[in-house]
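Residue numbers (our numbering): 153 to 405.
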């Protein structure tokens, strides 16, 4: 579902992008108790891969996940290592995640794109999205918000969420064997079945557009600012929404 927004043949913003998945957590299922450890381990693997196999390629790390307050409360109840509050255990894991993502931000060929979180209209409080508030992450980390169909903010927000994408009623591709029994079909010709909501589906659109801009020759140290400069509100008072710079008059007929 997420990668279809980057390299999908129908929905992808960067159809020629090479996708390298990282095994962390099963999508759209309740968080496991060891989720934080698995995510940190996943980031470490990404860092090693970029430094090794992809050290000469531009890399965009799409992060369509987050751990919010309910997770830390649950983890505290199940953890026996001496933490007094859920805030303490959250800060413990946040420091570990901060360290590895700071190292990722220092790589000259990597950009982080993170979904803001799905609580309706609240401040960003998921990890790792909240790291977007740190000065060290300003130039190479993009935290993506979500809007409704008209461009009004719908999900979590903050001053460091500087670009948003529609995140409700987002079309997803049918399975390889076509629509499942009883599955809603949006457009059979295009292979679109059903729709989902959440900033996890907004972030990969930004990743795809950044990849396209890089392939068009925008330098990696300027591409985030370039993307921000093109984004604009779709409604008065709304957040800036992603725009690739191509008008409808330039579309292929």
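From the three backbone atoms N, C-alpha and C, an ideal C-beta is built for every residue, glycine too.
*asked:* For residue 280, count the other beta carbons within 10 Å of its own beta carbon; 16 or more makes it buried, fewer makes it exposed. Which is it?
replied: Locating residue 280 in the chain shown gives position 128, where the first residue counts as 1. Buried.
*If we count Cβ pairs, one from each stretch, closer than 8 Å, do we get three or more for the stretch 205 to 224 versus the stretch 258 to 272?*
yes
*Determine the direct distance from the alpha carbon of residue 187 to that of residue 181, and round the result to whole angstroms.*
Here residue 181 refers to the residue found at position 29 of the chain shown. Here residue 187 refers to the residue found at position 35 of the chain shown. Low confidence applies here, because residue 181 scores a pLDDT of 49, under 50, leaving its location unreliable; read the following figure in that light. C-alpha separation (whole angstroms): 11 Å.
_Cβ-based burial, residue 287 [other Cβ within 10 Å; buried from 16]_ = Indexing the chain shown from 1 puts residue 287 at position 135. Residue 287 should be labelled exposed.
*Kindly indicate which three-state DSSP category residue 310 falls into: helix, strand or coil?*
For the purposes of this step, residue 310 is taken as the residue at position 158 of the chain shown. Here residue 310 sits in coil by DSSP.
*Name, in chain order, the residues that DSSP records as bridge partners for residue 262.*
To locate residue 262, count along the chain shown from 1; it is residue 110. Answer by DSSP bridge pairing, in chain order: 211.
_Taking its Cβ as the centre, do 16 or more other Cβ atoms sit within 10 Å of residue 387, making it buried, or is it exposed?_
In the chain shown, the residue the question calls residue 387 occupies position 235. Looking at its Cβ environment, which holds fewer than 16 other Cβ atoms inside 10 Å, residue 387 is exposed.
*asked:* Please state the DSSP three-state secondary structure of residue 288.
replied: Counted from its first residue, the chain shown places residue 288 at position 136. In this structure, residue 288 counts as helix in the three-state DSSP scheme.
*asked:* Quick check on residue 399: buried or exposed, where buried means 16 or more other Cβ atoms within 10 Å of its Cβ?
replied: The residue you call residue 399 lines up with position 247 of the chain shown. That one is exposed.
*Compare the C-alpha of residue 250 against each of 325, 193, 319 and name the closest.*
Taking the first residue of the chain shown as position 1, residue 250 is located at position 98. Nearest option by C-alpha distance: 193.
*What are the residues that DSSP puts in a beta bridge with residue 392?*
As a first step, residue 392 must be located in the chain shown, where it is residue number 240. Answer is 385, bridged to residue 392.
*DSSP state of residue 351, grouped into three classes?*
Taking the chain shown and counting its residues from 1, one reaches residue 351 at position 199. Residue state, collapsed to three classes: coil.
*Report, in whole angstroms, the separation of the C-beta atoms of residue 384 and residue 376, which I expect to be a contact under 8 Å.*
The residue given as residue 384 occupies position 232 in the chain shown. The residue given as residue 376 occupies position 224 in the chain shown. Going by Cβ atoms, the distance from residue 384 to residue 376 rounds to 16 Å, so no, they are not a contact pair.
_Taking 8 Å as the cut-off, does the stretch 306 to 314 touch the stretch 268 to 277 (at least 3 CB pairs, one atom from each stretch)?_
yes
_One question on the structure: do residue 253 and residue 238 come within less than 8 Å of each other, judged by their Cβ atoms?_
For this step, residue 253 is matched to residue 101 along the chain shown. For this step, residue 238 is matched to residue 86 along the chain shown. Cβ atoms of residue 253 and residue 238: not closer than 8 Å.
*For the candidate residues 378, 217, 367, whose alpha-carbon lies nearest to that of residue 170?*
Here the question's residue 170 lines up with position 18 in the chain shown. For the residues 378, 217, 367, the minimum Cα distance to residue 170 belongs to 367.
_Residues that DSSP places opposite residue 219 in a beta bridge_ = If you number the chain shown from 1, residue 219 lands on position 67. Paired residues: 279.
_Candidates 285, 268, 396, 245: closest to residue 319 by CA position_ = Residue numbering aside, residue 319 sits at position 167 when the chain shown is read from its first letter. The shortest C-alpha separation from residue 319 is found at 268.
*Rounded C-beta distance between residue 389 and residue 347? I'm assuming under 8 Å.*
The count along the chain shown starts at 1 and reaches residue 389 at position 237. The count along the chain shown starts at 1 and reaches residue 347 at position 195. In fact, because the Cβ distance is near 26 Å, the residues do not count as touching under 8 Å.
*What is the DSSP secondary structure of residue 181, counted as helix, strand or coil?*
Within the chain shown, the letter at position 29 stands for residue 181. With a pLDDT of only 49 at residue 181, under the threshold of 50, the placement of this residue in the model should not be trusted; the figure read from the coordinates follows. Here residue 181 sits in coil by DSSP.
*asked:* By DSSP's criteria, residue 297 is part of a beta bridge. Which residues make up the other side?
replied: Translated into the one-based positions of the chain shown, residue 297 becomes position 145. 316, per the DSSP bridge assignment.
*What is the DSSP secondary structure of residue 257, counted as helix, strand or coil?*
Indexing the chain shown from 1 puts residue 257 at position 105. Three-state DSSP puts residue 257 in a helix.
*Please name the residue in 222, 189, 215, 174 whose C-alpha comes closest to that of residue 201.*
The count along the chain shown starts at 1 and reaches residue 201 at position 49. Here the closest residue by C-alpha is 174.
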